[in-house]
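If you count by this note's numbering, then the sequence shown holds residues 1404 to 1617, one letter each, in order. Where is the CB? At the ideal position from N, CA and C, for every residue including glycine. This one's a predicted model, so the numbers in the text were calculated from it and none came from an experiment. Below: the structure, in structure tokens.
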Amino acid sequence: MKKEYFACPEPINEEKLYGFSWLENVLAIPSPLVCVTSYKENGMPNAAMQSWCTFDGTEGYHIILSSVNKHSHMYSSVMKTKQFAVNFPSRDVFMKCMATIQNNDHEKDEITSSGLTAVAASKIKAPLIEECFLNLECELSWTKETVEGGDHYVFCAKVIGIHMDEERLNSAKLGRYGETGYLYNIHNPIDPDTGKGSDSQVGIIQSLGTYDKL
Ligand SMILES: Cc1cc2nc3c(=O)[nH]c(=O)nc-3n(C[C@H](O)[C@H](O)[C@H](O)COP(=O)(O)O)c2cc1C
1404 MKKEYFACPE PINEEKLYGF SWLENVLAIP SPLVCVTSYK ENGMPNAAMQ
1454 SWCTFDGTEG YHIILSSVNK HSHMYSSVMK TKQFAVNFPS RDVFMKCMAT
1504 IQNNDHEKDE ITSSGLTAVA ASKIKAPLIE ECFLNLECEL SWTKETVEGG
1554 DHYVFCAKVI GIHMDEERLN SAKLGRYGET GYLYNIHNPI DPDTGKGSDS
1604 QVGIIQSLGT YDKL
């Protein structure tokens, strides 16, 4: 049996959802955990955890950051430089990337003050996080407000080059998935029947095998 919802279920208190839609927490669809880096207007490295994002590999390769808060340093830096890097932490680096949220002063290098190493990108003006197993160099293509007059924007950027740990490229070594690979955000799942929720969680991908195995 399927349950149908067209409005916020009564047990959920929308005022406690920090501005998110109840659908965000009832669905709790995982999305990749990345850290976006750029240079602030004062030249200091900026780092911003981002998780509302996806990719399009059809006409070139693009990243779509689907919920960029217009009050963040990242928004103002990238609107100015039109360039940024996307860094993928594995579980051993994740908490250091999360520390960039506390080290958010305009005057701070948000990467080194979080115990990480900033290295210059090759083709764009943006810092990369050395400890992340994958870094994408990106050029901003277009932006659009999600809702007219709202706080969030969709950013579409072309990936012009990558730096990837060779052991992740080799599935006989670390590979891309499982305990050492891509991380996913599981954002505060809530049970619509009780209104009870869990803190956010970190997920990994386990392959079930090729299509014909299912
Ligand atoms: C797991 C996680 C995912 C996040 N995803 C996003 C996101 O997709 N978009 C966004 O605007 N902020 C997101 N944030 C919040 C920003 O990372 C946070 O506001 C950060 O301090 C912004 O940094 P900045 O002001 O230096 O750019 C996320 C935070 C966490 C912990």
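Per-residue burial, residue i [other beta carbons within 10 Å of its own, 16 or more giving buried]
i, result
"M1404", "exposed"
"E1570", "exposed"
"K1419", "exposed"
"H1476", "buried"
"L1537", "buried"
"P1414", "exposed"
"V1496", "buried"
Nearest-angstrom beta carbon gap, residue j and residue i [assumed within contact, 8 Å]
i, j, result
"N1472", "Y1478", "6 Å"
"I1589", "A1431", "6 Å"
"Y1585", "I1608", "6 Å"
"H1509", "K1443", "6 Å"
"A1502", "S1517", "4 Å"
Separation of residue j from residue i, as counted between CA atoms
i, j, result
"P1412", "G1422", "16 Å"
"Y1408", "L1426", "9 Å"
"K1561", "N1416", "39 Å"
"T1583", "V1437", "15 Å"
"L1539", "S1493", "15 Å"
"L1519", "N1445", "20 Å"
"S1601", "P1433", "14 Å"
"F1558", "I1504", "20 Å"
"K1547", "T1461", "20 Å"
Distance CB(residue i)-CB(residue j) smaller than 8 Å
i, j, result
"P1530", "P1592", "no"
"A1521", "I1527", "no"
"T1440", "N1490", "yes"
"E1542", "Q1486", "yes"
"A1524", "A1488", "yes"
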